[in-house]
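K.L.:
In my numbering, the protein residues as written are 1159 to 1377.
Where is the CB? At the ideal position from N, CA and C, for every residue including glycine.
As the structure is a computational prediction, the values presented were derived from the model and not from experiment.
I am attaching a structure below and will ask some questions about it afterwards.
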């Protein structure tokens, strides 16, 4: 350390500074931290939010544990108190079971005495349904009236050929009813323009039948 000479010619050394106190050191570090946070404000805000969130989680968990432990202790104390009172009184509560007979407006059950008939529900006469009268059969039924005349070939065994599923494929159906000679054709009821196709086939002299689906619904 540099020294100065006084008037007497002797060197005068400066006295060393006293060490900083604890408060001064704390204030110096606090000022440095404030300066650092001021230069990084966004980072400081994020860090503060994280610290607050973590503190709230820890505090909430601790508080919930405290409340649960208090509730558990209270339940245990109440249970022990009830047991102590029951032991002192010595009275055992009577067990009561539910019975069907205790239900209001429930019919009473009684055993039938031997030789007596059991009471049954009153049987009421059901009104007779009006009988449906079948329609009188006409002299000539429809299937005979619209059938193509048939020539018996000396009662020989015969094979009947029916062209089925007519009407869906318009082109092939038309080619079928344009064939010569009377034929039996079965039209599907859901074919498009069924009436028009049936009239065209009937005009050619063919015998017509209706192919009704008989399978269960949804199969």
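(1) For the putative contact between residue 1335 and residue 1362, defined by C-beta atoms under 8 Å, what is the C-beta separation to the nearest angstrom?
(2) Spatial neighbours of residue 1326 within its chain, please: C-beta separation below 7 Å, excluding the five flanking residues on both sides.
(3) Rounded to the nearest angstrom, what separates residue 1371 and residue 1344 at their Cα positions?
(4) At 3 residues or longer, what runs of the beta strand (DSSP E) sit wholly inside the segment 1310–1342?
(5) Kindly identify the DSSP beta-bridge partner or partners of residue 1345.
(6) Rounding to the nearest angstrom, what Cα-Cα distance links residue 1159 and residue 1198 in this structure?
(7) Residue 1363 by DSSP, collapsed to three states: which one?
(8) Taking the C-alpha atoms as reference points, what is the distance between residue 1322 and residue 1289?
(9) Report the three-state DSSP secondary structure of residue 1305 (helix, strand or coil).
P.N.:
On the basis of the coordinates in this document:
(1) Along the chain shown, one-based indexing puts residue 1335 at 177. Along the chain shown, one-based indexing puts residue 1362 at 204. Confirmed, Cβ separation roughly 5 Å.
(2) Reading the chain shown from its first residue, position 168 is the one you call residue 1326. Within the same chain, Cβ atoms closer than 7 Å to the Cβ of residue 1326 are found at 1346 and 1349, the five residues on either side in sequence being excluded.
(3) Your numbering for residue 1371 matches position 213 in the chain shown. Your numbering for residue 1344 matches position 186 in the chain shown. CA-CA distance, residue 1371 to residue 1344, rounds to 12 Å.
(4) For secondary structure counted as the beta strand (DSSP E) over 3 or more consecutive residues, the segment 1310–1342 holds these complete runs in sequence order: 1320–1324.
(5) As a first step, residue 1345 must be located in the chain shown, where it is residue number 187. In the DSSP output, where bridge partners are listed per residue, residue 1345 has 1324 and 1368.
(6) Counted from its first residue, the chain shown places residue 1159 at position 1. Counted from its first residue, the chain shown places residue 1198 at position 40. At residue 1159, the pLDDT of 47 sits below 50, so the modelled position is not reliable; the number obtained from the coordinates is stated separately. Roughly 40 Å between the two C-alpha positions.
(7) Walking along the chain shown from the start, residue 1363 turns up at place 205. Residue state, collapsed to three classes: coil.
(8) Taking the first residue of the chain shown as 1, we reach residue 1322 at position 164. Taking the first residue of the chain shown as 1, we reach residue 1289 at position 131. The alpha-carbon atoms of residue 1322 and residue 1289 are separated by roughly 38 Å.
(9) Here residue 1305 refers to the residue found at position 147 when the chain shown is read from its first residue. In this structure, residue 1305 counts as coil in the three-state DSSP scheme.
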